[in-house]
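Numbering (mature numbering (1 follows the signal peptide of the UniProt record, and there is no 0)), first residue to last: -20 to -1, 1 to 719.
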């Protein structure tokens, strides 16, 4: 068996043992990486996992280059002390890409690739950043296929890529250091140090020529995101190597779930019975993907110091706004699109006096004009009634009509007299007077009825109606640097007095409270302004509107709707803002959201169409005495939603998930979940009267008088037209008879 294979097996077996042994082994083994003048590359390589190693150096002593303990192929490259652009850019690019040995192991050996940078004197930040781009990004073929994405994010997305820079003098890189623990501390890079956002796993190994302890500062997915420019520094480099660059991250046969995974409660990961499926996402992950991919799913972790907290994560239901953060270390699969509606029972009563002022609309006036023309035509035809008085021997049907109308008009005081003295025009005028008196009396009765009918409820139906329309922030309320809405939301959770500022803004405003599903994260509590699904779902729209300066009408609505003066959590939690770090569980948050919505005050719940409809059905079934809830027509169309896997695209769990989508099983299981939820609600839920309901439900059916008076007028006009048609037919018949 080749020596390389033996060393590979031994190293692969020993590293997990070291990792599982906990921190005790790390405390006993003192790492000795030499001094900065004479670094021990052998010690660095022996503490790392077996990888293809590429040492890029300038002015390293010959003793350090005697690599006798390497567990994998080692490449050596001598580099100049500094670089300039663009003269040498193409030269180094071609040299790196055409390196046959490096390309061979990059293409065929997917285990890992490890870079070590060293220069004496150390490279400045600009040269080091250029080095990493030239000799890391350009060497991998996958970068070519993602060239557009690379130009946008300047980030390498290949898997199992690690790099460290051996240097000295921490003060040249860090502007602030926080020490929450004696064995590790957080270090913030200076603004002019552009080292991060290049690869997911990068470290700075600080060596000294004095008797100081070695320090290893790491930027890794389980520590912080590259754009945050925060590194975690360990005084025990070997422990940091094992934890962050260890083999457990390369095997990736274990994944963990986030705290906000849908319907995750405790350690109960799912149900094996499809007939009782209540969480399709969890069922797909635990019962289908985990067995088929030979992986194990671990529930979420609470302490960042736990070993399982460093495992890659699988999340569901995220939008592209979240993917911007994790794009360099995860694979995303889009499964659906999302529209954000809001649900509320808050409404206003509409009281209108239009019935008194303008009972007729445009169409009614058109019909009235037509009726007048009909009246003129009918008056002309009534001239023939004058001749009816001479028909003594053969009285016809018209004579009977004439005498009946004359008798009727004889009871009206202005028309007293003998019927034979009436002309046809006076007779028609009298009929119209009677008809108008009937219409006026009917109109009065309709007005009286409308005053006794319950007012129509008007619900907010657009985001403009619920948005905050308050003046800009004053300098007394908010620091002038953060008065932009987006900036204020971003910095509020991290300001020293952020909670106090936010409390003052909320308590002094009269804006709607915009509630949404909680998305708890380990770094932030629920009351933070970044812990709500609404703001996370809106990130793409907000960012786009912010870049355009909130100029368009829609962008201004977006700016108003994300105003921090909107309360994003239930009213009962306001006293908790006085606490430094309030503890709230999901079991406490959801009942509080339901309770506030049932008050029918200025509160809305924002979610997808399916979420709002399901919540509407649930609340109305359990509390029949509340007013009817309303789902808005207007919506925000946000980016596509999908799953995020904390691994590479060619991992077996990602491939198996894609097969589920292509076969249609994924969507069938989700439809089955919705069916089970509906069945449980219909069969198991009973009407429950809510104690202390502020309002009572009115009748579901209400009398709607809109258009009633117009309908009566149309019937009268229709009758007149019908009478005219009958008269015309009779007239034609008489003419034809005379002929």
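We treat Cβ as the ideally placed atom computed from N, Cα and C, and that holds for glycine.
Coil, strand or helix - residue i by DSSP
i, result
"residue 446", "helix"
"residue 263", "helix"
"residue 156", "strand"
"residue 515", "helix"
"residue 679", "Per-residue confidence for residue 679 stands at a pLDDT of 38, beneath the threshold of 50, marking its modelled position as unreliable; the derived number appears in the next sentence. Residue 679: coil per DSSP, three-state reduction."
"residue 631", "coil"
"residue 46", "coil"
"residue 281", "coil"
"residue 464", "coil"
"residue 458", "coil"
"residue 12", "coil"
"residue 163", "coil"
"residue 585", "strand"
"residue 720", "Look at the range of the chain in this structure, -20 to 719, and you will see that residue 720 is not part of it."
"residue 221", "helix"
"residue 624", "strand"
"residue 453", "coil"
Enclosing alpha helix (DSSP H) for residue i [first to last residue]
i, result
"residue 146", "Per DSSP, residue 146 belongs to no alpha helix (DSSP H); it is in the beta strand (DSSP E), 141 to 147."
"residue 27", "21 to 27"
"residue 537", "533 to 541"
"residue 97", "First-last for residue 97: 93 to 99, but that is the beta strand (DSSP E), not the alpha helix (DSSP H)."
"residue 499", "First-last for residue 499: undefined, no H or E at that position."
"residue 595", "589 to 602"
"residue 272", "270 to 273"
"residue 574", "566 to 578"
"residue 485", "478 to 487"
Start-to-end residues for the beta strand (DSSP E) that takes in residue i
i, result
"residue 436", "436 to 438"
"residue 40", "Here residue 40 belongs to no beta strand (DSSP E), and DSSP marks it neither H nor E."
"residue 236", "234 to 236"
"residue 318", "311 to 324"
"residue 297", "294 to 299"
"residue 195", "195 to 199"
"residue 181", "181 to 186"
"residue 215", "Note, residue 215: premise wrong, no beta strand (DSSP E); not H, not E."
"residue 56", "54 to 58"
Neighbourhood of residue i by C-beta, 7 Å cutoff - its chain only, sequence neighbours within 5 removed
i, result
"residue 629", "311"
"residue 458", "468 and 481"
"residue 296", "241, 242, 261 and 623"
"residue 578", "599, 603, 606 and 670"
"residue 572", "550, 552 and 553"
"residue 545", "448, 450, 485, 486, 489 and 491"
"residue 265", "277 and 294"
"residue 24", "13 and 96"
"residue 581", "326"
Contact belief for residue i with residue j at Cβ below 8 Å, rounded distance in angstroms
i, j, result
"residue 260", "residue 649", "4 Å"
"residue 272", "residue 636", "5 Å"
"residue 722", "residue 523", "As shown, the chain starts at -20 and ends at 719. That puts residue 722 outside it, with no answer to give."
"residue 525", "residue 541", "No, residue 525 and residue 541 are not in contact; Cβ-Cβ is about 10 Å, not under 8 Å."
"residue 166", "residue 158", "4 Å"
"residue 328", "residue 446", "Not a contact, Cβ separation roughly 12 Å."
"residue 634", "residue 627", "7 Å"
Contact set for residue i: own chain, Cβ-Cβ below 6 Å, skip 5 residues either direction
i, result
"residue 646", "640"
"residue 34", "55 and 95"
"residue 592", "321, 323 and 611"
"residue 182", "143 and 199"
"residue 462", "468 and 471"
"residue 721", "Shown here, the chain extends from -20 to 719; a query on residue 721 therefore has no answer."
"residue 512", "496 and 548"
"residue 193", "215"
"residue 478", "472"
"residue 27", "218 and 221"
Cβ shell of residue i (< 8 Å), same chain only, five flanking positions each side left out
i, result
"residue 19", "13, 40, 44, 98, 146 and 187"
"residue 441", "610, 612, 613 and 614"
"residue 236", "277, 278, 279, 280, 281, 288, 289, 291, 292, 293 and 294"
"residue 38", "58, 59, 60, 61, 98, 99, 100 and 103"
"residue 452", "463"
"residue 314", "620, 621 and 622"
Cβ of residue i within 9 Å of any chain B Cβ
i, result
"residue 527", "Going by chain labels, chain B is absent from the structure shown, which holds only one protein chain."
Practice task
Would you check if the segment 489 to 499 and the segment 511 to 518 touch, i.e. whether three or more CB-CB distances between them fall below 8 Å?
Solution key: yes
Problem - Stretch pair the segment 261 to 281 + the segment 606 to 618: three plus CB contacts closer than 8 Å - result: Counting Cβ pairs under 8 Å, fewer than three are found: no touch.
Handout entry: Contact the segment 556 to 571 vs the segment 579 to 587: 3+ CB pairs below 8 Å
Key = By the Cβ criterion, the segment 556 to 571 is not in contact with the segment 579 to 587, since fewer than three pairs of Cβ atoms, one from each stretch, lie closer than 8 Å.
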